[in-house]
Amino acid sequence: MHELSIATAVVDEVRPLAGADVVRSVTLRIGELAAVVPEALEFAFAVAAEGTALAGAELRIDTVEGRARCDGCGREGPTGMPPVLWCEACARPLVLLSGRELEIVRLVTAPGPGPVPAAPAASDKERSPTRR
Amino acid sequence: MCRSVDLHRAVLARNDENATALRRYLDRHGTIAVNLMSSPGSGKTELLELLLTRARARGTPVAAVTADLATENDARRLARSRAPVRQILTDGLCHLEAGMLQARLEPWLPEGTRLLFVENVGNLVCPASYDLGETLRIVLVSVTEGEDKPLKYPAAFGLAQAVVVTKSDLGDAVGFDRAGFLAGLRQVNPHVPVFETSARTGAGVDGLLAHVMACADGRAPHTPVLARQHEGLLHRHAPGTATAPGAAP
Ligand SMILES: [Zn+2]
């Protein structure tokens, strides 16, 4: 499933931005027409985040409706899914306004455990990120 | 104390950057890449073998890479065309990515290659999201797969710059609803050029090759409606333009 590749890409993009902090949540904007299944992505994200600063982070997904406009008759509305990108009345292609988004838009972090020697936490065992 | 950062970073920004780099690499070599996507069993390999053979016959330096989850059958079959062919095993990954492709091309791409066909992994979901630095993206579908395919896989068909119908010689036998297919295709990708081909009879192959060559020689390929938001309204992310993590309330 390519949701795992997408989730891995999210983790790889966010990790350098988090620095030494731990990531509490990541918010994505995903268009209806981006060919990503949110439920599959949530599951894949949990897997991809394991052993990284994103482990246990919440994935928030803002879904963006697919919308299009006809420059012939001026009609504007949702594209539906599968999308209708053709105006039957005017016999011309529509203009896509939204729906292809696949972006990281927000990151909430908290200070990481830091270098202070503390009692070894159970969640802090050494793990090498196993990434294909 | 939590820190919240607003950013605006494409999830696939890294692949987009790698695709831009790959496009430049191909440009430097005078090579045009054609990204071929289809479901398994669409007859893609058979058609590609014929395209390679005919391109060679016309004196066009042509090469192909074929991506597969595991086997090497496709590469062996394509090698019969006598064109340089390279297999890329994706080790279970369901699509090719630009960085992976460039790493395989660099030590191998024969000098002077004009046309490089890239046979993507056989599925119509995952590969659609990944730009491979191609000049032309072609989606293939056989008449045996049914006329509702464009509506079942709107991202793949919606982003295609050309659509190739394969095994057209079987169309009547399997009751392919040509009008229904074209109507569905127009719904998700108005005006996309369609080529009906048969690797068995050779029908339509020269027309397809002529179209590919025209695009290689500078003719602007079709721009799908679905691709236009991506290029126009969403800004494309140039390398290093990710919003710096500034403190936000
Ligand atoms: Zn209209």
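Going down the list, the protein sequences come from chains S and A.
Residues in the first sequence are numbered from 1 upward in steps of one, following UniProt numbering.
Residues in the second sequence are numbered from 1 upward in steps of one, following UniProt numbering.
All C-beta atoms in this analysis are idealised placements derived from N, C-alpha and C, irrespective of residue type, glycine included.
Specify the secondary structure class of residue i as computed by DSSP and reduced to three states.
i	result
A/Thr66	strand
S/Pro129	Interpretation of S/Pro129 is limited by its pLDDT of 42, a score under 50 that renders its predicted location unreliable; the figure taken from the coordinates is listed afterwards. In this structure, S/Pro129 counts as coil in the three-state DSSP scheme.
A/Met213	helix
S/Glu103	strand
S/Gly77	strand
A/Ala160	coil
S/Ala68	strand
A/Arg236	Caution is warranted here: a pLDDT of 40 is assigned to A/Arg236, below 50, making its placement in the model unreliable, and no coordinate value can be reported.
residue 252 of chain A	Residue 252 of chain A is absent from the model: chain A starts at 1 and stops at 249.
A/Arg228	helix
A/Thr201	coil
S/Cys87	strand
S/Arg15	helix
A/Ser81	coil
A/Arg219	coil
A/Glu196	strand
residue 255 of chain A	Absent from the model: residue 255 of chain A. The displayed extent of chain A is 1 to 249, so no value can be given.
Pick from the options: whose alpha carbon is nearest that of residue i?
i	options	result
A/Leu69	A/Leu78, A/Pro40, A/Leu47 and A/Leu50	A/Pro40
S/Glu3	A/Cys126, A/Asp148 and A/Gly146	A/Cys126
A/Gln102	A/Glu134, A/Lys152 and A/Ala227	A/Glu134
A/Asp169	A/Arg9, A/Gly43 and A/Thr20	A/Gly43
A/Leu7	S/Gly112, S/Pro113 and S/Val108	S/Val108
S/Ala91	S/Cys70, S/Gly80, S/Glu76 and S/Arg100	S/Cys70
A/Pro110	A/Asp91, A/Thr31, A/Pro154 and A/Thr90	A/Thr31
A/Pro150	A/Pro193, A/Val165 and A/Phe181	A/Phe181
A/Thr90	A/Asp148, A/Arg82 and A/Met100	A/Met100
A/Ser4	S/Phe43, S/Asp21, S/Ala7 and S/Ile6	S/Asp21
Measure the C-alpha to C-alpha separation of residue i and residue j and round it to an integer number of angstroms.
i	j	result
S/Ser98	S/Val36	15 Å
S/Pro78	S/Leu102	18 Å
A/Gly246	A/Gly112	Here A/Gly246 scores only 37 on pLDDT, less than 50, and its place in the model should not be relied on; the value that follows carries that caveat. The straight-line gap from Cα to Cα measures roughly 47 Å.
A/Glu145	A/Gly158	17 Å
A/Arg56	A/Arg80	12 Å
A/Leu105	S/Gly74	47 Å
A/Pro107	A/Ala160	29 Å
S/Pro82	A/Val139	17 Å
S/Pro38	A/Asp16	22 Å
A/Leu78	A/Leu52	8 Å
A/Arg54	A/Gly204	12 Å
A/Leu136	A/Leu209	12 Å
S/Gly72	A/Val225	15 Å
A/Ala33	S/Ala40	31 Å
S/Val11	S/Pro113	19 Å
A/Arg9	A/Ala19	16 Å
A/Gly207	A/Tyr153	25 Å
A/Arg23	A/Ser129	17 Å
A/Ala155	A/Pro221	18 Å
A/Leu47	S/Leu17	46 Å
A/Ala183	S/Thr52	47 Å
S/Ala9	A/Arg28	28 Å
A/Met213	S/Trp86	29 Å
A/Pro193	A/Val164	8 Å
Check the Cβ-Cβ distances between residue i and every residue of chain B, and say whether any is below 8 Å.
i	result
A/Arg9	Among the protein chains of the structure shown, namely S and A, there is no chain B.
Next item on the list: For the segment 168–178 of chain A and the segment 62–77 of chain A, state whether three or more C-beta atom pairs, one from each stretch, are separated by less than 8 Å.
Entry: At 8 Å Cβ cutoff, the stretches do not touch.
Next item on the list: Would you list, in sequence order, the uninterrupted beta strand (DSSP E) runs of no fewer than 3 residues that lie entirely inside the segment 18–64 of chain S?
Entry: Within the segment 18–64 of chain S, the complete beta strand (DSSP E) runs of at least 3 residues are 22–31 and 58–64.
Checklist line | Meets three-Cβ-pair contact criterion under 8 Å: the segment 121–137 of chain A and the segment 194–207 of chain A | finding: In this structure the segment 121–137 of chain A does not touch the segment 194–207 of chain A; the number of beta carbon pairs closer than 8 Å is below three.
Item checked: alpha helix (DSSP H) runs wholly inside the segment 1–78 of chain A, at least 4 long, in chain order -> DSSP runs (the alpha helix (DSSP H)) wholly in the segment 1–78 of chain A: 13–28 and 44–57.
Item checked: In chain order, each beta strand (DSSP E) run of at least 3 residues that lies wholly inside the segment 102–156 of chain A -> Listed in chain order, they are 115–119 and 136–142.
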